[in-house]
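Chemist: Those protein sequences? They're chains A and B, same order as listed. Residue 364 is where the first sequence ends in numbering that gives the first Met the number 0, and the numbering goes up by one at each step. Residue 62 is where the second sequence ends in numbering that gives the first Met the number 0, and the numbering goes up by one at each step.
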Amino acid sequence: MESEPQQVYSVSDFQAVCNQIMETAFTGVVVEGEVASFKLNQGKYVFFDLKDEQSSVGCFMMAFALRFPIEDGMRVRVRAVPKLTNWGKFSLTIQAIAPVGEGSIKKSLELLKKKLKAEGLFDKTKKRPLPDNIQKIGVISSTQAAGYADFCKILNERWGGLTVLTAHTQVQGMTAADQIIKALKYFNEHGEVDVIAVIRGGGSADDLAVFNDEVLVRAIAASKIPVITGIGHEVDESLCDLAADVVASTPSNAAQMLTRDRREIAENVRADVKRINNLLNVKVDEITGVNRTEIARAGQEIMRKIELFRQDVLAQYKILEQLNPERVLERGYALIRGDIKLGAELDITTAKNAIKAKVMEIKER
Amino acid sequence: MAKNINDKIDELKTGVEWFYSDEFKLEEASEKYKAMTELAKEIEKDLAELKNEIKVIEEDFSK
Chain A
0 MESEPQQVYS VSDFQAVCNQ IMETAFTGVV VEGEVASFKL NQGKYVFFDL
50 KDEQSSVGCF MMAFALRFPI EDGMRVRVRA VPKLTNWGKF SLTIQAIAPV
100 GEGSIKKSLE LLKKKLKAEG LFDKTKKRPL PDNIQKIGVI SSTQAAGYAD
150 FCKILNERWG GLTVLTAHTQ VQGMTAADQI IKALKYFNEH GEVDVIAVIR
200 GGGSADDLAV FNDEVLVRAI AASKIPVITG IGHEVDESLC DLAADVVAST
250 PSNAAQMLTR DRREIAENVR ADVKRINNLL NVKVDEITGV NRTEIARAGQ
300 EIMRKIELFR QDVLAQYKIL EQLNPERVLE RGYALIRGDI KLGAELDITT
350 AKNAIKAKVM EIKER
Chain B
0 MAKNINDKID ELKTGVEWFY SDEFKLEEAS EKYKAMTELA KEIEKDLAEL
50 KNEIKVIEED FSK
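Right under this line is the structure:
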């Protein structure tokens, strides 16, 4: 040792140099393994071992950074900084952790779902409907994702005149949840959109695991602006879906739910015009029909009155006929005019003759 | 202020309702029908021409 002079470190310096070297060598190393000896101390500090068949490494993290429920036996992926502690123990200080593999994701999902449900985050009575007359949509998605392209395609096919503000974020991977949360915060702080759409196309359970991130789920539930999710395929259901106000089965379905269909509206407009045209024809027919009926009724009334008048005239005529003196003469009577005194001349009129006569005798009856 | 497509659709709806209402007058119906037909044509034209404006926010959400 004497022939090879070397720098002598204090223990603390050696530990600090080791940490410096590791930080330089591993700027956020990602390690995957199985959780063992999981412990939560004082509700703040999380300790566990990450192991595989041959090796094991101690892990430490703050409880608030734990975005998914973790249990022993779960397979997880961590982003961490390797560290030599003051006690000389090597450990990973975890920045982010996520379950991997179908079994672990499912288990973690079930635990978190139970917890958040108990807190009322998925309460159906808290759901808000999509606003009427949507003008501005805030979209959170990766602009490179196929799901986003599908969303925009359907949106443009169905309707126009909308303003779509897209927040480009990762939609999978360990940083995705934080990016989506920042985008949600951005839209809520700026308050210029009517609705927020969280969009992501289909993928494996690992790809979609970000949408089961506890902090993200809480951010969606707390959004002041209504949130619609269009994540994965129809069979996929994430905790973000459960927390959102409206759930679409796919990105395309989200675009359908946010817009009216311009083709359908055009058809309705044409149908409206046809309908009022038909209605107008019916109304004209009705009014013409009413007029015809009224004219017929008035005609009948006039004829009835004429008949009554005719019958009245006929009756009067019959009475007059009976009073006609000629009719009396025809029955054999005679009309005598002149003074009734002896020797006076009388004019006698019968039905057939006009007679001059003289009064020969007058007797009382 | 120019009417947007939603205003026009609402106007058409109100116009159609008039034909079914007690306010209907045959003397006014022909003019109203012509106006509704014109409005319907305008709506169809607007529907065909409407475009969305899609903007990507400049904010970097990865930081």
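Ideal placement from N, C-alpha and C gives every residue a C-beta, glycine not left out. Every value quoted in this text rests on a predicted model; they were computed, and no experiment measured them.
Beta carbon of residue 192(A), beta carbon of residue 164(A): below 8 Å?
Modeler: Position 193 of the first sequence holds residue 192(A). Position 165 of the first sequence holds residue 164(A). A Cβ-Cβ contact shorter than 8 Å links residue 192(A) with residue 164(A).
Chemist: Would you check if the segment 43-51 of chain B and the segment 171-185 of chain A touch, i.e. whether three or more CB-CB distances between them fall below 8 Å?
Modeler: no
Chemist: On the three-state DSSP scale, how would you describe residue 49(A)?
Modeler: The sequence position of residue 49(A) within the first sequence is 50, counting from 1. Residue 49(A): strand per DSSP, three-state reduction.
Chemist: Pick from 105(A), 135(A), 139(A) and 271(A): whose alpha carbon is nearest that of residue 158(A)?
Modeler: Here residue 158(A) corresponds to residue number 159 of the first sequence, with the count starting at 1. Of 105(A), 135(A), 139(A) and 271(A), the residue nearest in Cα terms is 135(A).
Chemist: Out of 250(A), 32(A) and 84(A), state which residue places its alpha-carbon closest to the alpha-carbon of residue 99(A).
Modeler: Taking the first residue of the first sequence as 1, we reach residue 99(A) at position 100. Ranking 250(A), 32(A) and 84(A) by Cα distance to residue 99(A) puts 32(A) first.
Chemist: Output, in sequence order along the chain, the residues in the segment 131-155 of chain A whose CB is closer than 7 Å to any CB in chain B.
Modeler: 132, 142, 151, 154 and 155
Chemist: Suppose you measure from the CA of residue 360(A) to the CA of residue 341(A); what does that come to, to the nearest Å?
Modeler: What you label residue 360(A) is simply residue 361 of the first sequence in a count that begins at 1. What you label residue 341(A) is simply residue 342 of the first sequence in a count that begins at 1. Cα-Cα distance, rounded: 6 Å.
Chemist: Are there three or more Cβ pairs, one per stretch, closer than 8 Å when the segment 288-295 of chain A is compared with the segment 268-275 of chain A?
Modeler: The answer is no - the segment 268-275 of chain A does not touch the segment 288-295 of chain A, with fewer than three Cβ pairs under 8 Å.
Chemist: Excluding the 5 residues preceding and the 5 following residue 54(A) in the sequence, name in chain order all residues of the same chain whose CB lies nearer than 8 Å to its CB.
Modeler: Within the first sequence, the letter at position 55 stands for residue 54(A). Excluding residues within five positions, none has a Cβ falling inside 8 Å.
Chemist: Span of the beta strand (DSSP E) holding residue 34(A)?
Modeler: In the first sequence, the residue the question calls residue 34(A) occupies position 35. Judged by DSSP secondary structure, residue 34(A) falls within the beta strand (DSSP E) whose first and last residues are 28-40.
Chemist: Can you confirm whether residue 159(A), when its beta carbon is compared against all beta carbons of chain B, has any partner nearer than 8 Å?
Modeler: The residue you call residue 159(A) lines up with position 160 of the first sequence. Closer than 8 Å to some Cβ of chain B, the Cβ of residue 159(A) qualifies, so yes.
Chemist: Please list the segments of the beta strand (DSSP E) lying wholly inside the segment 166-246 of chain A, counting only runs of 3 or more residues, in order along the chain.
Modeler: 194-199 and 226-230
Chemist: For residue 278(A), go through chain B and note every residue whose CB falls closer than 8 Å to its CB, in chain order.
Modeler: Here residue 278(A) is taken as the residue at index 279 of the first sequence, counted from 1. Near residue 278(A) (Cβ distances below 8 Å), the residues of chain B are 18 and 19.
Chemist: Less than 8 Å separating the beta-carbons of residue 198(A) and residue 286(A)?
Modeler: Taking the first sequence and counting its residues from 1, one reaches residue 198(A) at position 199. Taking the first sequence and counting its residues from 1, one reaches residue 286(A) at position 287. No.
Chemist: Go through its chain and collect everything with a Cβ distance to residue 7(B)'s Cβ below 8 Å, but skip five positions before and after it.
Modeler: Within the second sequence, numbered from 1, the residue matching residue 7(B) stands at position 8. Hits under 8 Å: 38, 41, 42 and 45.
Chemist: For a quick check, are the C-beta atoms of residue 28(A) and residue 69(A) less than 8 Å apart?
Modeler: As a working mapping, residue 28(A) is identified with position 29 in the first sequence. As a working mapping, residue 69(A) is identified with position 70 in the first sequence. For residue 28(A) and residue 69(A), no; Cβs fall outside 8 Å.
Chemist: So if DSSP puts residue 58(A) in a beta bridge, which residue, or which two residues, is it bridged to?
Modeler: As a working note, residue 58(A) is residue 59 in the first sequence. Bridge partners of residue 58(A) according to DSSP: 47(A) and 91(A).
Chemist: Could you list which residues in chain A have their beta carbon closer than 8 Å to that of residue 54(B), in chain order?
Modeler: Walking along the second sequence from the start, residue 54(B) turns up at place 55. What residue 54(B) touches in chain A: 162, 163, 164 and 165.
Chemist: My assumption, with CB atoms under 8 Å, is that residue 228(A) sits in contact with residue 246(A). Please give the rounded CB distance.
Modeler: The residue given as residue 228(A) occupies position 229 in the first sequence. The residue given as residue 246(A) occupies position 247 in the first sequence. Sure, about 6 Å apart at Cβ, within 8 Å.
Chemist: Anything in chain A within Cβ reach of residue 43(B), meaning under 7 Å, just list it in chain order.
Modeler: As a working note, residue 43(B) is residue 44 in the second sequence. Those within 7 Å of residue 43(B) in chain A are 265 and 268.
Chemist: Tell me, to the nearest whole angstrom, how far the beta carbon of residue 30(A) is from that of residue 80(A); I am working on the premise that it is less than 8 Å.
Modeler: Position 31 of the first sequence, counting from 1, holds the residue named residue 30(A). Position 81 of the first sequence, counting from 1, holds the residue named residue 80(A). Not really, about 11 Å apart at Cβ, beyond 8 Å.
Chemist: Using DSSP with H/G/I as helix, E/B as strand and the rest coil, what is residue 1(B)?
Modeler: Taking the second sequence and counting its residues from 1, the one referred to as residue 1(B) is at position 2. Here residue 1(B) sits in coil by DSSP.
Chemist: For residue 145(A), report the span of its alpha helix (DSSP H) as first-last.
Modeler: In the first sequence, counting from the first residue as 1, residue 145(A) sits at position 146. First-last of the alpha helix (DSSP H) with residue 145(A): 145-157.
Chemist: Find the nearest neighbour of residue 242(A) within the set 42(A), 87(A), 19(A) and 115(A), judged by alpha-carbon distance.
Modeler: Along the first sequence, one-based indexing puts residue 242(A) at 243. The residue with the shortest Cα to Cα distance from residue 242(A) is 115(A).
Chemist: Is the Cβ of residue 271(A) closer than 8 Å to any Cβ of chain B?
Modeler: The residue you call residue 271(A) lines up with position 272 of the first sequence. Yes, because at least one Cβ of chain B sits closer than 8 Å to the Cβ of residue 271(A).
Chemist: Straight-line CA distance for residue 112(A) to residue 239(A)?
Modeler: As a working note, residue 112(A) is residue 113 in the first sequence. As a working note, residue 239(A) is residue 240 in the first sequence. Answer to the nearest angstrom: the Cα atoms are 10 Å apart.
Chemist: Just to confirm, are residue 225(A) and residue 146(A) a CB contact at a threshold of 8 Å?
Modeler: Sequence index remark: in the first sequence, residue 225(A) carries index 226 (1-based). Sequence index remark: in the first sequence, residue 146(A) carries index 147 (1-based). No, the Cβ-Cβ distance between residue 225(A) and residue 146(A) is not below 8 Å.
Chemist: Taking only the alpha-carbon atoms, compute the straight-line gap between residue 357(A) and residue 303(A) and give it to the nearest angstrom.
Modeler: What you label residue 357(A) is simply residue 358 of the first sequence in a count that begins at 1. What you label residue 303(A) is simply residue 304 of the first sequence in a count that begins at 1. Each residue's alpha carbon lies about 58 Å from the other.
Chemist: Shortest alpha-carbon distance to residue 280(A) belongs to which of 32(B), 51(B) and 10(B)?
Modeler: Taking the first residue of the first sequence as 1, we reach residue 280(A) at position 281. Closest option to residue 280(A), judged by alpha-carbon separation, among 32(B), 51(B) and 10(B): 32(B).
Chemist: Going by DSSP, what residue range makes up the beta strand (DSSP E) through residue 137(A)?
Modeler: To locate residue 137(A), count along the first sequence from 1; it is residue 138. Per DSSP, residue 137(A) belongs to the beta strand (DSSP E) from 135-140.
Chemist: Which residues in chain B sit within 7 Å of residue 178(A), going by Cβ to Cβ distance?
Modeler: Here residue 178(A) refers to the residue found at position 179 of the first sequence. Under the 7 Å cutoff, chain B gives 60 and 61.
Chemist: Quick one, which of 150(A), 211(A) and 15(A) has its alpha-carbon nearest residue 196(A)'s?
Modeler: Within the first sequence, residue 196(A) is the residue found at index 197, counting from 1. The residue with the shortest Cα to Cα distance from residue 196(A) is 150(A).
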